[in-house]
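Encoded as structure tokens, the structure appears first; notes follow it.
Number of protein chains: 2
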Amino acid sequence: MAPIKIALVGIGKIVRDQHLPAIAKNNDYQLIAAASRHGTVDGIDNFKSIEAMLEAVPAIEAVSLCMPPQYRYEAARAALDAGKHVFLEKPPGATLSEVADLEALAASKGLSLFASWHSRYAPAVEAARSFLAATTIEDVKIIWKEDVRHWHPNQEWIWAAGGLGIFDPGINALSIVTHILPRPLFVTSAILEFPENRDAPIAANITFTDGLKLPVSAEFDWRQTGKQSWDIVARTAAGEMVLSEGGAKLAVDGKIVHQEPEQEYPMLYRRFAEIVKAGTSDVDLAPLRHVADAFMLGKRKFVDAFHD
Amino acid sequence: MAPIKIALVGIGKIVRDQHLPAIAKNNDYQLIAAASRHGTVDGIDNFKSIEAMLEAVPAIEAVSLCMPPQYRYEAARAALDAGKHVFLEKPPGATLSEVADLEALAASKGLSLFASWHSRYAPAVEAARSFLAATTIEDVKIIWKEDVRHWHPNQEWIWAAGGLGIFDPGINALSIVTHILPRPLFVTSAILEFPENRDAPIAANITFTDGLKLPVSAEFDWRQTGKQSWDIVARTAAGEMVLSEGGAKLAVDGKIVHQEPEQEYPMLYRRFAEIVKAGTSDVDLAPLRHVADAFMLGKRKFVDAFHD
Chain A
-14 MAPIKIALVG
-4 IGKIVRDQHL
6 PAIAKNNDYQ
16 LIAAASRHGT
26 VDGIDNFKSI
36 EAMLEAVPAI
46 EAVSLCMPPQ
56 YRYEAARAAL
66 DAGKHVFLEK
76 PPGATLSEVA
86 DLEALAASKG
96 LSLFASWHSR
106 YAPAVEAARS
116 FLAATTIEDV
126 KIIWKEDVRH
136 WHPNQEWIWA
146 AGGLGIFDPG
156 INALSIVTHI
166 LPRPLFVTSA
176 ILEFPENRDA
186 PIAANITFTD
196 GLKLPVSAEF
206 DWRQTGKQSW
216 DIVARTAAGE
226 MVLSEGGAKL
236 AVDGKIVHQE
246 PEQEYPMLYR
256 RFAEIVKAGT
266 SDVDLAPLRH
276 VADAFMLGKR
286 KFVDAFHD
Chain B
-14 MAPIKIALVG
-4 IGKIVRDQHL
6 PAIAKNNDYQ
16 LIAAASRHGT
26 VDGIDNFKSI
36 EAMLEAVPAI
46 EAVSLCMPPQ
56 YRYEAARAAL
66 DAGKHVFLEK
76 PPGATLSEVA
86 DLEALAASKG
96 LSLFASWHSR
106 YAPAVEAARS
116 FLAATTIEDV
126 KIIWKEDVRH
136 WHPNQEWIWA
146 AGGLGIFDPG
156 INALSIVTHI
166 LPRPLFVTSA
176 ILEFPENRDA
186 PIAANITFTD
196 GLKLPVSAEF
206 DWRQTGKQSW
216 DIVARTAAGE
226 MVLSEGGAKL
236 AVDGKIVHQE
246 PEQEYPMLYR
256 RFAEIVKAGT
266 SDVDLAPLRH
276 VADAFMLGKR
286 KFVDAFHD
């Protein structure tokens, strides 16, 4: 099969760090164009907007959309209307409804839509899922604390309404938890901490449960300096499971049972090629739905102003 | 067919005003029990909790859940686990995820779940839908302004996190708009006004669009005194359509084309009997999804404290 002629939209840090290397190493793809207001990619045609690119390069078969979520719908719609398969960086959109609309549009046109969740492809996630499926879980604690100044320096969009704030990394944890737990979760209470000068939260405490009353809690915080925490801890009948380093490492009762180098984006692009070939879509909205639920149900608290 | 033996849970104002008269006039139902922390219904067995009622009265075939949304999931789950069909007052829950879970549970047990939206059954709604389907719409304005002190005196739950605040009436407008417009909507921006002493908003301004960029705006406000406004105004190629009085009256270019007395709850109970007989569910989450999206995407603004 000829490689999928792909284009990238929204050339920023995540594209340089992850998308470009993953595409370069995968024979399923040929990168032929890029569109971005500010960034460019060497060696291919670059455009200022997706509309200009789609018009100038009809050979494009698929696009990866990597701009902030607030701008994703229009670009995705333009691409689907032009008959292209669409890969959405996480989160798949600024609202649940717009993604539902894209899903329907892709289906009506026989195109593939991929709501990608990179953390679900962290190396130890499947091992954690298997471990939990074979035991009884007593409770689950999610601790996702990082330093926003280090990971998102001067990224104004994450602090704007719709940028999701701490849920931008937190949704990675949710994409893992919703995949490894045996039953669907739902939020029962939440406290969202907004810096008094920002429109998105810097921290959140959430409690979830499921149909069998499993206690699940999440602590999300963007003010962590020093060691960063991306851990999911489950007390179970088979011991304490710790899925750490964002899903890269699995330990049970302190003993490491799974650890290998991460290759999340290569796996994402493998999955996207798979659904394009199969003529299907892959759009699980559960992680974004939990975020929306936490905003709807959550208590707002105001904390110190945040300055980059 | 024998009447459906039904029980009511959460005996408050809406039950006395609407549910009891609607059930009394419908031969498809026989009301046999009620459960409520404070209220009782004359002439039938009353219980303090749904669990006590389900245990004491196994003959119950269906329950209507009319307590605040924050308490609805547990009661619905208890009823479905006990093999009863479930009617959910609006909104169907405090989160989208919990309703999705109930939907799956009902399906797995072959029971009917009804997410009721009473305003969709207002008398002129179907006429508005037909009118809009036959023309080109230029823009839509939703104006839903009422006096919270009049309609919800001292109802603390609506001001608590998860009580939805102004979206408690606003979701009625959304349940109509999502039914009468030709394409799915999605929120593009929102401003939510929170009284500084409350956890739920007292007003909201929202802009929506759809796949063809239809401009739709909503003004929700709970501080309206004097004349109350429950209007949906659409400028169209066939004239200006005004659906007013919460869906009771339809006018085009100032001329009334449809007006009749409302009978929303009788229609809801007719619909519930229909799905129970057909062995299906009716759970459209679009209105609640828009509320969740508005909370997730919306800018928060603080306004004067509200006291009942």
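Chains as they are written, first to last, in the working numbering: chain A, -14 to 293; chain B, -14 to 293. We put the beta carbon where it would ideally sit given N, CA and C, even for glycine.
Fill in: Assigned secondary structure, A/R220 (DSSP; H/G/I helix, E/B strand, else coil)
The sequence position of residue 220 of chain A within the first sequence is 235, counting from 1. Residue state, collapsed to three classes: strand.
Worksheet item: Where does B/V201 fall in DSSP's three states?
Response: Mapped onto the second sequence, residue 201 of chain B falls at position 216. B/V201 falls in the strand class under three-state DSSP.
Worksheet item: Is the Cβ of B/F32 closer than 7 Å to any Cβ of chain A?
Response: Residue numbering aside, residue 32 of chain B sits at position 47 when the second sequence is read from its first letter. No, because no Cβ of chain A sits closer than 7 Å to the Cβ of B/F32.
Discussion item. Here's the rule I'm using: 16 or more other beta-carbon atoms within 10 Å means buried, otherwise exposed. How should A/L197 be labelled?
Written reply: Numbered from its first residue, the first sequence carries residue 197 of chain A at position 212. With fewer than 16 other Cβ atoms within 10 Å, it is exposed.
Practice prompt. Within the stretch 99 to 170 of chain B, note down every full beta strand (DSSP E) run reaching 3 residues or more, in order along the chain.
Written response: 122 to 130
Item to complete: Assuming A/G(-5) contacts A/M52 (C-beta within less than 8 Å), just tell me the rounded distance between them.
Response: For the purposes of this step, residue -5 of chain A is taken as the residue at position 10 of the first sequence. For the purposes of this step, residue 52 of chain A is taken as the residue at position 67 of the first sequence. Their Cβ separation, rounded to whole angstroms, is 3 Å, which keeps A/G(-5) and A/M52 in contact under 8 Å.
Worksheet item: Exposed or buried, B/T173, counting other C-beta atoms within 10 Å across all chains shown (16 or more means buried)?
Response: Position 188 of the second sequence holds residue 173 of chain B. It is buried - the Cβ of B/T173 has at least 16 other Cβ atoms within 10 Å.
Worksheet entry | Alpha carbon of B/P(-12) to alpha carbon of B/D66, nearest angstrom | Position 3 of the second sequence, counted from the start, is the residue given in the question as residue -12 of chain B. Position 81 of the second sequence, counted from the start, is the residue given in the question as residue 66 of chain B. Straight-line Cα distance between these residues: approximately 22 Å.
Worksheet item: Quick one: is B/F99 near chain A, going by C-beta distance under 7 Å?
Response: As a working mapping, residue 99 of chain B is identified with position 114 in the second sequence. It does not: the Cβ of B/F99 has no partner Cβ on chain A nearer than 7 Å.
Fill in: Beta-carbon neighbours of B/E204, restricted to chain A and to distances below 8 Å
As a first step, residue 204 of chain B is located in the second sequence; it is residue number 219 there, counting from the start. In chain order: nothing, as chain A lies at least about 18 Å away.
Worksheet item: chain A beta carbons: is any one of them nearer than 7 Å to that of B/P76?
Response: Here the question's residue 76 of chain B lines up with position 91 in the second sequence. Chain A, which has no Cβ nearer than 7 Å to the Cβ of B/P76, makes this no.
Discussion item. Cβ closer than 9 Å: which chain B residues qualify as neighbours of A/D86?
Written reply: Taking the first sequence and counting its residues from 1, the one referred to as residue 86 of chain A is at position 101. Going along chain B in sequence order, the residues near A/D86 (Cβ under 9 Å) are R168, P169, L170, F171, D195 and G196.
Practice prompt. Find the nearest neighbour of B/G264 within the set B/L81, B/H275 and B/A47, judged by alpha-carbon distance.
Written response: Within the second sequence, the letter at position 279 stands for residue 264 of chain B. When each option's Cα is compared against that of B/G264, the closest is B/A47.
Practice prompt. For the stretch 126 to 157 of chain A, enumerate the residues whose C-beta is nearer than 7 Å to any C-beta of chain B, in chain order.
Written response: A146 and G147
Discussion item. For A/E225, list the residues DSSP reports as bridge partners.
Written reply: As a first step, residue 225 of chain A must be located in the first sequence, where it is residue number 240. DSSP output for A/E225 lists A/R220 as bridge partner(s).
Practice prompt. Please name the residue in A/D206, A/L98, A/R105 and A/F287 whose C-alpha comes closest to that of A/D132.
Written response: Taking the first sequence and counting its residues from 1, the one referred to as residue 132 of chain A is at position 147. Taking only the C-alpha atoms, the option nearest A/D132 is A/D206.
Worksheet item: Going by C-alpha distance, which of B/G232, B/K33 and B/T25 is nearest B/S160?
Response: Position 175 of the second sequence, counting from 1, holds the residue named residue 160 of chain B. Of the listed residues, the one whose Cα sits closest to B/S160 is B/G232.
Worksheet item: When the cut-off is 7 Å and only beta carbons count, does B/T163 lie next to chain A?
Response: The count along the second sequence starts at 1 and reaches residue 163 of chain B at position 178. So, not an interface residue.
Discussion item. Can you pull the chain B neighbours of A/A277, defined as C-beta to C-beta under 8 Å?
Written reply: Here residue 277 of chain A refers to the residue found at position 292 when the first sequence is read from its first residue. Here the neighbours are L81, R274, A277, D278, F280 and M281.
Worksheet item: For A/D184 and chain B, any beta-carbon pair shorter than 7 Å?
Response: Within the first sequence, numbered from 1, the residue matching residue 184 of chain A stands at position 199. Closer than 7 Å to some Cβ of chain B, the Cβ of A/D184 qualifies, so yes.
Worksheet entry | Rounded separation between A/A(-8) and A/R57 - CA only | If you number the first sequence from 1, residue -8 of chain A lands on position 7. If you number the first sequence from 1, residue 57 of chain A lands on position 72. Each residue's Cα considered, the two are about 15 Å apart.
Worksheet item: Would you say B/K284 faces chain A, with C-beta separation under 7 Å as the test?
Response: Taking the first residue of the second sequence as position 1, residue 284 of chain B is located at position 299. It does: the Cβ of B/K284 has a partner Cβ on chain A nearer than 7 Å.
Discussion item. Tell me which residues share the same chain as B/S101 and place their Cβ nearer than 7 Å to its Cβ, disregarding the 5 neighbours each side in the sequence.
Written reply: As a working mapping, residue 101 of chain B is identified with position 116 in the second sequence. Excluding sequence neighbours, B/S101 sits near F72, L73, E74, K75 and L253.
Worksheet item: At a Cβ cut of 7 Å, what residues of the stretch 57 to 74 of chain B count as close to chain A, listed as they run along the chain?
Response: R62
Worksheet item: Taking Cβ-Cβ distances shorter than 8 Å, what residues in chain A pair up with B/A90?
Response: Within the second sequence, residue 90 of chain B is the residue found at index 105, counting from 1. The amino acid at residue 90 of chain B is misidentified as Ala; the sequence shows Leu. Chain A residues near B/L90: G196.
Practice prompt. Output the distance between the C-alpha atoms of B/E230 and B/H103, rounded to the nearest integer angstrom.
Written response: For the purposes of this step, residue 230 of chain B is taken as the residue at position 245 of the second sequence. For the purposes of this step, residue 103 of chain B is taken as the residue at position 118 of the second sequence. Straight-line Cα distance between these residues: approximately 14 Å.
Worksheet item: According to DSSP, is B/Q244 helix, strand or coil?
Response: Locating residue 244 of chain B in the second sequence gives position 259, where the first residue counts as 1. Reduced to three states, the DSSP call for B/Q244 is strand.
Discussion item. At the level of alpha carbons, what is the spacing between A/A185 and B/A258?
Written reply: For the purposes of this step, residue 185 of chain A is taken as residue 200 along the first sequence, with counting starting at 1. For the purposes of this step, residue 258 of chain B is taken as residue 273 along the second sequence, with counting starting at 1. Taking the straight line from one Cα to the other gives about 44 Å.
Worksheet item: Are the stretch 267 to 286 of chain B and the stretch 273 to 282 of chain A touching, with three or more C-beta to C-beta distances below 8 Å?
Response: yes
Worksheet item: Once you ignore the five residues that flank A/I8 on each side, which residues in its own chain have a CB closer than 7 Å to its CB?
Response: One-based indexing of the first sequence puts residue 8 of chain A at position 23. So the qualifying residues of the chain are I(-9), Y14, L16 and Y254.
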